[in-house]
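In what follows, a single structure is set out as structure tokens and then discussed.
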Amino acid sequence: MQKKQNEMAALKLVGLTVRTNNENEMNPKYAKIGELAERYWGEGLPNQLQNRVNPGKTFAVYTEYDSDERGDYTYFIGEEVSSFDGAPSGFIQLNVPAQKYQQFTTEPGAIPEVIINAWRQIWMMGEKELGGKRAYQADLEVIDVKDLHPEKAVFDIYIGIK
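Taken in order, the sequence shown gives residues 1 to 162; the numbers are from the UniProt record's numbering.
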């Protein structure tokens with residue numbers, strides 16, 4: 001994986017959420033993220049959003065951590081909007097604060113294996129490899145569905161650091 005440190009401005013996002021943890025996500029019987037993502041894209045939910053900044057650029061955000069990567073967290077999937085006005089009923093509004101990130105770019109690979117393997121590598125990294133201590137405020141995956149190839153997908157993962 002390639003990595004570089006950068007800062008990202010605050011984001012206004014609208015989408016859907018689910019509460020989960022990594023232990024459950026590794027067991028298909030209890031996993032919720034894949035199901036939520038399938039619903040989000042399968043039902044064409046992005047097309048219901050108003051004030052889209054960059055249609056097709058999807059943000060998957062891991063936030064509201066109970067502790068660290070072993071605890072519960074909220075998973076959010078949605079898009080950036082210029083305004084929360086007109087957000088559809090049932091959608092969640094999420095403010096992601098400006099933050100310093102270590103950005104990881106995966107090598108091309110099949111979905112979902114490429115993203116799962118990237119996260120496993122990240123979980124094994126110490127502060128030095130991460131470029132700082134994890135903030136556990138908001139970590140993001142940025143997915144441009146216009147360029148998404150299921151067998152050769154490349155993801156950018158942003159890990160919030162202090």
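Just so you know, even glycine gets a beta-carbon here, dropped at the ideal spot from N, CA and C.
Buried versus exposed call for residue i [16 or more other C-beta atoms within 10 Å across all chains shown]
i: residue 170; result: Examination of residue 170 is not possible in this model, given that the chain is present from 1 through 162 alone.
i: Tyr65; result: buried
i: Trp119; result: buried
i: Val30; result: Note on identity: in this sequence residue 30 is Tyr, with Val being the wrong assignment. That one is exposed.
i: Val81; result: buried
i: Asp139; result: buried
Whole-angstrom C-beta distance between residue j and residue i, which should lie under 8 Å
i: Lys100; j: Ile161; result: 5 Å
i: Phe59; j: Val142; result: 6 Å
i: Met8; j: Tyr158; result: 7 Å
For residue i, the three-state DSSP class (helix, strand or coil)
i: Asn6; result: strand
i: Ile92; result: strand
i: Lys100; result: strand
First and last residue of the uninterrupted beta strand (DSSP E) at residue i
i: Gly109; result: Neither: Gly109 is in no beta strand (DSSP E) and is coded neither H nor E.
i: Arg120; result: Premise fails: Arg120 lies in the alpha helix (DSSP H), Glu113 to Trp123, not in any beta strand (DSSP E).
i: Lys12; result: Leu11 to Thr20
i: Glu127; result: That residue, Glu127, is in no beta strand (DSSP E); its alpha helix (DSSP H) goes Glu127 to Leu130.
Endpoints, the alpha helix (DSSP H) within which residue i is located
i: Ala60; result: That residue, Ala60, is in no alpha helix (DSSP H); its beta strand (DSSP E) goes Lys57 to Thr63.
DSSP bridge partner residues for residue i (one or two, in chain order)
i: Glu45; result: Looking at the sequence shown, residue 45 is not Glu but Leu. Partner(s): none; Leu45 has no beta bridge.
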